[in-house]
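Residues 4 to 291 in the numbering used here are what the sequence shown lists, from first letter to last.
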Amino acid sequence: MTHRSKAITLSDVSATMLLTLYCHARSSVAAPPLLHDPESLRIWQALQPELAGSLDPLVKRLLSNGIPELAVTYISARARRFDRYARDFMDRAPSGTVVSLGCGLDPRFSRVDNGSVRFVDLDLPDVIALKHRFVTESERYRLLAASVTDPHWLDHLTEFQGQPMLFLSEGLFMYLSEADVKTLVLRLQKHFPGSELVCEVVNRRWLDPRMYWLVRLKLRRQLGLGPDADFRFGIRHGDELQQWGPGIQLLDEWSFLDEDPRDIGWVKWFAGLDVFRTAQWIVHYRLN
Ligand SMILES: C[S@@+](CC[C@H](N)C(=O)[O-])C[C@H]1O[C@@H](n2cnc3c(N)ncnc32)[C@H](O)[C@@H]1O
Numbered sequence: 004m005t006h007r008s009k010a011i012t013l014s015d016v017s018a019t020m021l022l023t024l025y026c027h028a029r030s031s032v033a034a035p036p037l038l039h040d041p042e043s044l045r046i047w048q049a050l051q052p053e054l055a056g057s058l059d060p061l062v063k064r065l066l067s068n069g070i071p072e073l074a075v076t077y078i079s080a081r082a083r084r085f086d087r088y089a090r091d092f093m094d095r096a097p098s099g100t101v102v103s104l105g106c107g108l109d110p111r112f113s114r115v116d117n118g119s120v121r122f123v124d125l126d127l128p129d130v131i132a133l134k135h136r137f138v139t140e141s142e143r144y145r146l147l148a149a150s151v152t153d154p155h156w157l158d159h160l161t162e163f164q165g166q167p168m169l170f171l172s173e174g175l176f177m178y179l180s181e182a183d184v185k186t187l188v189l190r191l192q193k194h195f196p197g198s199e200l201v202c203e204v205v206n207r208r209w210l211d212p213r214m215y216w217l218v219r220l221k222l223r224r225q226l227g228l229g230p231d232a233d234f235r236f237g238i239r240h241g242d243e244l245q246q247w248g249p250g251i252q253l254l255d256e257w258s259f260l261d262e263d264p265r266d267i268g269w270v271k272w273f274a275g276l277d278v279f280r281t282a283q284w285i286v287h288y289r290l291n
């Protein structure tokens with residue numbers, strides 16, 4: 004555990020959610036906003052006095068607006084795309100359940116709530132303790148403090164078995180080992196057959212030691228993330244997870260480079276190159 008400030012103690016991996024919160028808040032004040040997220044702005048502004056004066060490299064970078072614009076755009080466009088996945092699911096299952104794995108302080112429920120969906124936010128205990136200060140649980144909205152690697156958190160969802168379920172994993176799988184991701188996916192499939200999983204993945208190509216120095220440069224120097232926030236899991240192609248077990252079905256994929264050039268700017272030029280399209284992207288599965 005590292006002190007991000009006098010009042011806030013988070014592990015390096017947990018602290019990555021300060022970066023995504025900051026990006027959502029910053030995008031919300033852009034004109035026009037890439038992501039309309041007044042709640043992230045409120046939470047970020049409420050945290051600022053507690054973070055002020057921190058010597059933590061990530062916090063210092065966030066408070067000085069030192070995050071590259073492209074990272075802000077990517078993280079916000081990806082959140083907007085995950086919101087769309089949630090809305091598409093709710094169009095098909097208005098009273099279904101959405102589970103946000105590794106939710107951080109992201110107030111997605113406030114952005115997508117249709118008045119009948121049930122929503123579960125799950126993250127590590129240090130993050131959920133902080134999140135409790137900013138959101139209110141209700142009959143339809145619940146916080147769960149657990150590691151996704153711990154099988155027992157699934158016991159809290161048994162009431163939803165047999166009903167439409169969507170699991171979202173945004174900015175999470177890359178911080179886990181392959182064994183942990185595989186065990187988790189197979190557990191979700193076993194407990195919730197027919198459910199959907201939308202997950203962000205990085206390309207395994209970047210995890211090769213000959214390439215990983217570039218990733219490390221980005222994580223440490225550009226973003227200021229701590230030494231334990233390392234990428235560990237990646238895949239080469241979206242259909243790879245289908246080999247983990249019968250019934251896992253790839254539905255679709257999304258690349259940041261698919262977005263409107265008015266939103267993502269000059270990087271749109273690289274949209275035709277697979278090496279960039281699938282450097283870090285979103286994959287959508289059904290777990291039959
Ligand atoms: C990059 S942040 C993403 C937060 C949020 N999904 C978003 O996009 O704003 C990664 C999140 O994954 C959480 N996380 C990492 N390992 C986890 C685990 N084993 N179980 C549950 N959450 C985990 C971290 O605590 C952190 O909140």
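The beta carbon of each residue, even a glycine, is placed where N, CA and C say it ideally should be.
Check for me: the beta strand (DSSP E) holding Cys26 runs from which residue to which? Position 23 of the sequence shown holds residue 26. Cys26 -> not in any beta strand (DSSP E); alpha helix (DSSP H) instead, spanning Asp15 to Ser31.
Please go through the region 160-219 and give each complete alpha helix (DSSP H) segment of 4 or more residues, from N-terminal end onward. 181-194 and 212-219
Is the beta carbon of Val115 less than 7 Å from the beta carbon of Arg143? Counting from 1 along the sequence shown, the entry for residue 115 is found at position 112. Counting from 1 along the sequence shown, the entry for residue 143 is found at position 140. Not in contact: Val115 and Arg143 (Cβ atoms no closer than 7 Å).
Out of Phe259, Arg265 and Asp266, state which residue places its alpha-carbon closest to the alpha-carbon of Gly275. Numbered from 1 along the sequence shown, position 272 holds the residue referred to as residue 275. Selected option, being the one with the closest Cα: Phe259.
Could you tell me which of Ala10, Leu54, Ile238 and Ala34 sits nearest to Tyr25, measuring between CA atoms? In the sequence shown, counting from the first residue as 1, residue 25 sits at position 22. Checking every option, the nearest Cα to that of Tyr25 belongs to Leu54.
Say yes only if the C-beta of Asp116 is nearer than 6 Å to one or more non-hydrogen atoms of ligand 1, and no if none qualify. Start at 1 with the first residue of the sequence shown, and residue 116 comes out as number 113. Because no heavy atom of ligand 1 lies under 6 Å away, the Cβ of Asp116 does not count as near it: no.
Using only the alpha-carbon positions, how far apart do Arg121 and Ser103 sit? Taking the sequence shown and counting its residues from 1, the one referred to as residue 121 is at position 118. Taking the sequence shown and counting its residues from 1, the one referred to as residue 103 is at position 100. Answer to the nearest angstrom: the Cα atoms are 11 Å apart.
Can you tell me the Cβ-Cβ gap for Ser30 and Val75, rounded? I've got them flagged as a contact below 8 Å. Along the sequence shown, one-based indexing puts residue 30 at 27. Along the sequence shown, one-based indexing puts residue 75 at 72. That belief holds up - the Cβ atoms of Ser30 and Val75 are roughly 6 Å apart, short of 8 Å.
Identify which residue in Ala96, Ala82, Leu187 and Ser119 has its Cα closest to the Cα of Gly107. Looking up residue 107 in the sequence shown gives position 104. It is Ala82 whose Cα lies nearest to the Cα of Gly107.
Endpoints, beta strand (DSSP E) assigned at Ala148: Locating residue 148 in the sequence shown gives position 145, counting from the first residue. Its beta strand (DSSP E) spans residues Tyr144 to Ala148.
When Asp158, Arg111 and Gly227 are compared against Ser172, the one with the closest alpha-carbon: Here the question's residue 172 lines up with position 169 in the sequence shown. Checked all of Asp158, Arg111 and Gly227; the closest Cα to Ser172 is Arg111.
Would you decide whether Leu290 is buried or exposed? Buried here means 16 or more other CB atoms lie within 10 Å of its CB. Here residue 290 refers to the residue found at position 287 of the sequence shown. With 16 or more Cβ atoms within 10 Å of its Cβ, Leu290 is classed as buried.
Straight-line Cα distance separating Tyr77 from Lys271: In the sequence shown, counting from the first residue as 1, residue 271 sits at position 268. In the sequence shown, counting from the first residue as 1, residue 77 sits at position 74. Cα to Cα, Lys271 sits roughly 12 Å from Tyr77.
For a quick check, are the C-beta atoms of Gly227 and Arg64 less than 7 Å apart? In the sequence shown, counting from the first residue as 1, residue 227 sits at position 224. In the sequence shown, counting from the first residue as 1, residue 64 sits at position 61. In contact: Gly227 and Arg64 (Cβ atoms closer than 7 Å).
Going by other Cβ atoms of all chains shown within 10 Å of its Cβ, with 16 needed for buried, is Ser79 buried or exposed? Residue 79 sits at position 76 when you count from the first residue of the sequence shown. Ser79 is buried by the Cβ-count criterion.
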